[in-house]
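Heads up: the structure comes next, in structure tokens.
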Amino acid sequence: MLKGKKILVTGGTGQVARPVAEALAEHNEVWCLGRFGAPGVRQELNERSIVTRPWDMTDSSGGSLEGVPQDFTHVIHSAVLRGDDGDCNAAAEINAAATGRLMTHCRTAESFLFVSTGALYARRTLDHAYTESDRVDAVADWLPAYPVGKLATEGAVRAFARVLGLPTTIARLNIAYGPGGYGGVPMLYFRRMLAGEEIPVPLDGQNWCSPLHTDDIVAQVPHLWRAAAVPATLVNWGGDEAVGMTDCVRYMAELTGVPAKLVPSPVTRETYRFDPTLRRSLTGPCTVSWRDGVRRTLEAHFPEHVRRPAHV
Numbered sequence: 000m001l002k003g004k005k006i007l008v009t010g011g012t013g014q015v016a017r018p019v020a021e022a023l024a025e026h027n028e029v030w031c032l033g034r035f036g037a038p039g040v041r042q043e044l045n046e047r048s049i050v051t052r053p054w055d056m057t058d059s060s061g062g063s064l065e066g067v068p069q070d071f072t073h074v075i076h077s078a079v080l081r082g083d084d085g086d087c088n089a090a091a092e093i094n095a096a097a098t099g100r101l102m103t104h105c106r107t108a109e110s111f112l113f114v115s116t117g118a119l120y121a122r123r124t125l126d127h128a129y130t131e132s133d134r135v136d137a138v139a140d141w142l143p144a145y146p147v148g149k150l151a152t153e154g155a156v157r158a159f160a161r162v163l164g165l166p167t168t169i170a171r172l173n174i175a176y177g178p179g180g181y182g183g184v185p186m187l188y189f190r191r192m193l194a195g196e197e198i199p200v201p202l203d204g205q206n207w208c209s210p211l212h213t214d215d216i217v218a219q220v221p222h223l224w225r226a227a228a229v230p231a232t233l234v235n236w237g238g239d240e241a242v243g244m245t246d247c248v249r250y251m252a253e254l255t256g257v258p259a260k261l262v263p264s265p266v267t268r269e270t271y272r273f274d275p276t277l278r279r280s281l282t283g284p285c286t287v288s289w290r291d292g293v294r295r296t297l298e299a300h301f302p303e304h305v306r307r308p309a310h311v
């Protein structure tokens, strides 16, 4: 764990960045940039000794950083314009431009970590274990502009890392989940289960993924900073275990007794299984198994629905 550093976190209220910010704030000076849209969240971060500043990447200045110091030693950039409206041009322009401005602002940092996504890989078989050298196409039917924006931003990150001489890591994130935030994709599925909604699954097989628990995210960020280089280091950031999302949903049904309406469909929320070899060489192994992690996440978000094991 880092100590005595000055750290900048963007997207500081998100599933990934908030637990990282809160953990690092115990022994470092941590600043968070974001829109802080949820009521009370900014005050909650301030109460954890985290300095907060509003930052909107969509503003007319391309994400003004006025009043934000420049002497950070480490940066994790997780903020993103998802492009929910489907505007790929806007997602590419806004994300890339704001990131370039951020990297320039923090050009003296020891390390810059950009959180990208595995959703930009070109789809192969459902159980294919993607490596960092697999082909990308930034196609995702469930949210088309999102991977386009991420891929455009990766280009900007690579360029600015070289131009500025800023040691950088690009971490393509798999499914992040855990007790904080909204819980991650597994909890999205569980909410659909509670509502009695259908859950689309592939016509054949199932979508595989490499889920990464919050505890492992927090533990691995310092390692990803240490791996930063020029040119930028590229790594797939997922868990050690390959998990079928259909199996995950069935496991949540087993834990809670809430039925899952799995319906075969040609269009599903695609997920990606990662080959963890490179990431393990940089961070070491994960510590949270997916079954334990999913149970703990359910207990945090839906304690009234988790069945207690019978006493022997």
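Residue numbering for the sequence shown follows numbering that gives the first Met the number 0, starting at 0 and increasing by one per position.
Just so it is clear, CB atoms sit at the ideal spot from N, CA and C, and this is done for glycine as well.
Since this is a predicted model, take the numbers as computed values, not measurements.
Contacting residues, own chain, Cβ-Cβ under 6 angstroms from residue i (five flanking each side not counted)
i: His-300; result: Gly-182, Met-186
i: Ala-226; result: Thr-168, Thr-232, Leu-281
i: Leu-204; result: It is Gly, not Leu, that sits at residue 204 in the sequence shown. Answer for Gly-204: Leu-125, listed in chain order.
i: Ala-321; result: This structure leaves residue 321 out entirely; the chain is present only between 0 and 311.
i: Cys-31; result: Val-8, Gly-11, Ala-20, Leu-44, Ile-49, Thr-51
i: Phe-189; result: Met-251
i: Leu-23; result: Ile-6, Val-29
Close beta carbons around residue i, own chain, < 7 angstroms, minus the five adjacent residues each side
i: Val-184; result: Ile-174, Tyr-176
i: His-310; result: In this predicted model, His-310 has a pLDDT of only 49, less than 50, meaning its place in the structure is not dependable enough to derive any value.
i: Glu-191; result: Glu is not the amino acid found at residue 191; the sequence shown has Arg there. Once the five neighbours on either side are set aside, the close Cβ partners of Arg-191 are Ile-198.
i: Ser-288; result: Glu-240
Alpha carbon of residue i to alpha carbon of residue j, nearest angstrom
i: Asp-58; j: Ala-97; result: 10 angstroms
i: Leu-277; j: Val-234; result: 7 angstroms
i: Lys-4; j: Asn-27; result: 5 angstroms
i: Glu-46; j: Glu-21; result: 10 angstroms
i: Gly-238; j: Pro-275; result: 7 angstroms
i: Val-40; j: Gly-13; result: 11 angstroms
i: Thr-130; j: Phe-273; result: 6 angstroms
i: His-304; j: Asp-291; result: 16 angstroms
i: Arg-295; j: Arg-306; result: 12 angstroms
i: Met-0; j: Asp-214; result: 13 angstroms
i: Tyr-250; j: Lys-2; result: 39 angstroms
i: Asp-133; j: Gln-42; result: 42 angstroms
i: Ala-128; j: Thr-9; result: 29 angstroms
i: Val-156; j: Cys-247; result: 34 angstroms
i: Val-29; j: Arg-17; result: 11 angstroms
i: Ala-137; j: Glu-269; result: 12 angstroms
i: Ile-93; j: Ala-158; result: 16 angstroms
i: His-222; j: Asp-86; result: 35 angstroms
i: Asp-140; j: Glu-240; result: 25 angstroms
i: Cys-105; j: Val-15; result: 21 angstroms
i: Arg-34; j: Gly-283; result: 33 angstroms
i: Leu-119; j: Met-56; result: 21 angstroms
i: Thr-103; j: Leu-163; result: 7 angstroms
i: Pro-38; j: Gly-180; result: 13 angstroms
Enclosing beta strand (DSSP E) for residue i [first to last residue]
i: Phe-113; result: 110 to 116
i: Val-200; result: 197 to 200
i: Thr-276; result: Segment 276 to 282 is the alpha helix (DSSP H) holding Thr-276; no beta strand (DSSP E) there.
i: Leu-261; result: 260 to 263
i: Thr-400; result: Here the chain has residues from 0 to 311 only, and residue 400 is not among them.
DSSP state of residue i mapped onto helix, strand, coil
i: Cys-87; result: helix
i: Arg-290; result: helix
i: Tyr-145; result: helix
i: Tyr-250; result: helix
i: Asn-235; result: strand
i: Glu-269; result: coil
i: Val-242; result: strand
i: Arg-52; result: strand
i: His-76; result: strand
i: Pro-302; result: helix
i: Thr-130; result: coil
i: Glu-28; result: strand
i: Gly-33; result: strand
i: Ala-137; result: coil
i: Ala-160; result: helix
i: Ala-175; result: strand
i: Ala-97; result: helix
i: Ala-228; result: strand
Residue interval of the alpha helix (DSSP H) (run including residue i)
i: Ile-216; result: 213 to 225
i: Leu-193; result: 184 to 193
i: Thr-167; result: Run containing Thr-167: none in the alpha helix (DSSP H); it sits in the beta strand (DSSP E), 167 to 172.
i: Leu-23; result: 16 to 23
i: Leu-44; result: 40 to 46
Cβ neighbours of residue i in the same chain (closer than 8 angstroms, five flanking residues each side left out)
i: Thr-72; result: Lys-4, Lys-5, Ile-6, Ala-108, Glu-109, Ser-110
i: Arg-123; result: Tyr-129, Asp-133
i: Arg-279; result: Asp-239
is_contact[residue i, chain D] using C-beta, thresh 9 angstroms
i: Leu-7; result: Judged by its chain identifiers, the structure shown contains no chain D, having just a single protein chain.
Quiz item: Counting pairs of beta carbons, one from the region 72 to 89 and one from the region 137 to 146, are three or more of them closer than 8 angstroms?
Solution: yes
Self-check item: the region 197 to 204 contacting the region 247 to 265, beta-carbon criterion three pairs below 8 angstroms
Solution: These segments touch.
Quiz prompt | Stretch-stretch touch, CB-based, cutoff 8 angstroms, three pairs: the region 149 to 156 with the region 114 to 122 | solution = yes
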